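The next block holds one structure in the form of structure tokens; read it before the comments.
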Amino acid sequence: MSPAETAAPPDYADVRWQTAWGELGCRLPGVQSVFESSVAQSLEGLTEPQLHGLWGVGRRLGQLGRGAEPVIAWLTHWPAVLDLIGDEVLDDVLALVQFLHKSPNSAAIAPLIGSLVTAARRLASAEGVRQYLSLLQTFTQQTTGSIHGRQQTQPSPGLLPLLAQAPLLLQQLSMAGLRRWVLHGARVHAQHPPQQVAYFSLQSPDSLAMFQRERHGTLLVDVQRQLGMTQQALWQSDLPLAPLTGDNAAVARMTPALQADVLGLPDVLEDLNGVTGLGRYRLMLLHAMAHRHLSGTCIADNWSPAQRLAVEWFEDARIDRWLLARWPGLRPDMLALLPPVQEGECDDRTHACLRHRLALWNRAVLDPSFALTQPALHDFVRRFEHALDEPLVCTRDMAMLALSFVACTRCAGDALPNVFFAGSLIDWRDDNRHLWQYIEDGDEEDTRSPRRRDAEPELHSLPPRLYPEWDHISQSERPDWVKVYEYLHPSGQASDIDRLTAQHSGLTRRLERVLDKLKPQGRQRLRRLEQGSELDLDMAQQAWIDWRSGHTPDERVQQHWRPHERDVSVQLVLDLSASLAERIPGTDQTVLQVSLAAVALLAWALDRLGDPLAIGGFHSNTRQEVRYMHLKGFEETWGAEAKARLAAVSPAYSTRTGAALRHASHTLLQRRSPRKLLLLLTDGEPSDVDVSDPDYLTQDARQVVRQLQAQGVFVWCIQLHPAHEANVRSVFGEHYTLVKDLQQLPQTLAGLFLRLTK
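One rule links them: number in our numbering = place in the sequence shown (from 1) + 26.
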């Protein structure tokens, strides 16, 4: 045993202290100091059974052999849990602690206990905390490593990061949303421990995307346009509004940040005390913009932190009173969002109470019905009101008044390390960084990440677009899951395509005769135009009759003639996976060569008809790299440049069909054509090297096809491999063509298009 464990027990004068220490019976290092700092409050606030549970469980935790951390966490946090929801969940907590103790995850016992206060405060019921504990146990069972599924030997990689993020997660997600977020990460990253750590640390893109999707409340992106219009109307300003995200989100998620070139706002706000999320955003915006137009800067170097704090409060109060004077309708929302504060809440013998005094003073200057009994605070309310009567009052005046406040109300407890924060966090106010100017560098730790040298720009690719992917197990989309990189395909020799099409000269001649019949004939007359190419005599005569009879004539007396046009836009998507390089049995041609000939004939046919056609090809190398190559655009004619790009196509990698269809349809859906046709030419089924579930990508492609059909896009697949007929039918239903003889592909593809667009 260590000396700390064998040292003589302390001798307390208070019998209750001595009894409690005896029940706790733990002499591990650090436990005694925590016991002494909390025992008085526990003895006063807890019932006798609750006290026995507190000390008895503390003794059991000390006997687990896991060090002092679980005991210290228990003594520190469990009394607060009792105060919030009672001891109904005690047995559930002990069961989970015992479960962790018997597994490789015993290091998570102390963080688990530490997260209970936030869970109790946020979920506000014993049943809610039970659901939280059940979720943690389920997650631990799913992610703890084992040998042959029998003996658990490796701790869960994601449990400690999950518990570290628990306060933020419980604050921002509902219990149902938290469950979906946790189980999604456990399922998707079950075989990748480093990815688990990144996901549950809120560091990976898919983790943040899933987290954003599950958050409840009003998203900044949904109201950004309204806020921008408010800013422009009231301040004639177009200062960009940006969400607070990234490394600082956990600390500053509820605190706006006003800078010279941007206003940072929380990325999501829920309704609070009867004030909508939009109402909270509006207050934040108005307060920050008033600061920007009215507040000056102060030199911060020679002022103490307490003095700077007081200056910020006084200047914030001036700004809020200025807003209320101009827009009195803001008062109900402000008063609803002011946290409750009462005199006497802060004990200056145990806590620093400066923030509490400022909160009392602030409440009095914003709420006329709030009465103060402390003469010093009442005097500063009077002095503040007198300062506001001056027409040229400024930030400097508030600073002088704030310094006087600190000096006149100072007490000995202001130097204590424990700061009393209750009732002092004002919802709509920013962090006031704009008020301060520092002449000399401070000695504070610089937590900013070192600036990285900008990466070399991509020469051929645009920045990736993120697309979701359908998870058929959870029946939900994985947001921002796939990265699609767009390329303009490099060029080869256009003559190669001409040689391929020359091999099908007979088909070309037959197509010419058919295409001539399909070309639109005649003209269409557009009438009742204010501006046209010629006068419409019938409408002109009617207008003259109306004028002579005393009626107002119709001024739309022009007309215009235009040729009849076909009303279809076609997007052709080519599967360029490695299997296209295979040779066709019994011939010296590859699947790719026959496919290119068919595509070239189709492009030639559509060009003669005047139908807009876009051609793109794709292959994939995991979800992080889906390449989509542009071969021909809708507005581009079928000429040497498009042929040269098609000639340079080379097969590689895998087939992530769903991502390619989503990306290709993005441009197709923007076309004004009443009919939109998307053709997929493929020789396999959806697959990729990072997907082990054979149905996953198939179900994703099926979901994409359903979504596109619901949006009015007609999707058709040309399958080159008969063995995959069952797969293509499950994805496209009856909208597919199976090519049994690859030598007939050019004729099949051209005939299919003519049939679909007839």
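The beta carbon of each residue, even a glycine, is placed where N, CA and C say it ideally should be. Keep in mind the model is a prediction, meaning the values are calculated, not measured.
Asked, Found
"Cα-Cα separation, residue 168 to residue 216", "8 Å"
"Inside the region 557-613 only - beta strand (DSSP E) runs reaching at least 3 residues", "584-589, 594-601"
"Residue 283 and residue 270 closer than 8 Å at C-beta", "yes"
"Every unbroken alpha helix (DSSP H) within the region 356-442, with a cutoff of 4 residues, ordered by chain", "357-363, 380-392, 401-414, 421-435"
"Cβ-based neighbour list, residue 273, same chain, cut-off 7 Å, excluding 5 preceding and 5 following", "In this prediction, residue 273 has a pLDDT of 40, which is less than 50 and means its spatial position is unreliable; what the coordinates show is noted afterwards. Nothing meets the Cβ criterion."
"Uninterrupted alpha helix (DSSP H) stretches inside the region 646-684 (no shorter than 4 residues)", "666-673"
"Pairwise C-alpha distance: residue 377 and residue 368", "16 Å"
"Buried versus exposed call for residue 700 [16 or more other C-beta atoms within 10 Å across all chains shown]", "exposed"
"Residue from 582, 496, 572 whose Cα sits closest to the Cα of residue 556", "582"
"Backbone CA spacing between residue 733 and residue 757 [nearest angstrom]", "12 Å"
"Exposure label - residue 464; buried when at least 16 CB within 10 Å", "exposed"
"Cβ-Cβ separation, residue 131 to residue 185 (assumed contact under 8 Å), whole Å", "6 Å"
"Proximity below 8 Å, CB of residue 644 to CB of residue 602", "yes"
"Option in 752, 725, 443 with minimal Cα separation from residue 684", "725"
"Validate contact between the region 109-126 and the region 140-152 using beta carbons, cut 8 Å, 3 pairs", "yes"
"Check whether residue 427 and residue 409 have beta carbons under 8 Å apart", "yes"
"Cβ distance (whole Å) where residue 96 is taken to contact residue 136 below 8 Å", "5 Å"
"Exposure label - residue 747; buried when at least 16 CB within 10 Å", "buried"
"Ranges of the beta strand (DSSP E) found wholly within the region 57-117, counting only runs of at least 3", "none"
"Among 69, 709, 379, 363, nearest to residue 441 - alpha-carbon criterion", "379"
"Contact under 8 Å by Cβ, residue 311 with residue 256", "yes"
"Per DSSP, the bridge partner or partners of residue 171", "180"
"Residue burial classification, residue 342 (beta-carbon count within 10 angstroms, cutoff 16)", "buried"
"Every unbroken beta strand (DSSP E) inside the region 740-764 [3 residues or more]", "762-764"
"Proximal residues to residue 604 (C-beta, below 8 Å), its chain only, five neighbours per side dropped", "645, 677, 678, 679, 680"
"Burial state of residue 571, where buried means 16 or more other Cβ atoms lie within 10 Å", "exposed"
"Proximal residues to residue 223 (C-beta, below 6 Å), its chain only, five neighbours per side dropped", "183, 187"
"Contact set for residue 386: own chain, Cβ-Cβ below 7 Å, skip 5 residues either direction", "367, 369, 398, 403"
"Residue environment, residue 709, which counts as buried when at least 16 other CB atoms sit within 10 Å", "buried"
"CB contact flag (residue 595, residue 694, <8 Å)", "yes"
"Supposed close pair residue 624, residue 775 - CB separation, criterion 8 Å", "4 Å"
"Exposure label - residue 500; buried when at least 16 CB within 10 Å", "exposed"
"Backbone secondary structure at residue 738 - three-state DSSP", "coil"
"Contact the region 513-532 vs the region 625-638: 3+ CB pairs below 8 Å", "yes"
"Contact belief for residue 46 with residue 60 at Cβ below 8 Å, rounded distance in angstroms", "Rounded, the Cβ-Cβ distance is 13 Å, inconsistent with contact."
"Residue 251 - DSSP class collapsed to helix/strand/coil", "helix"
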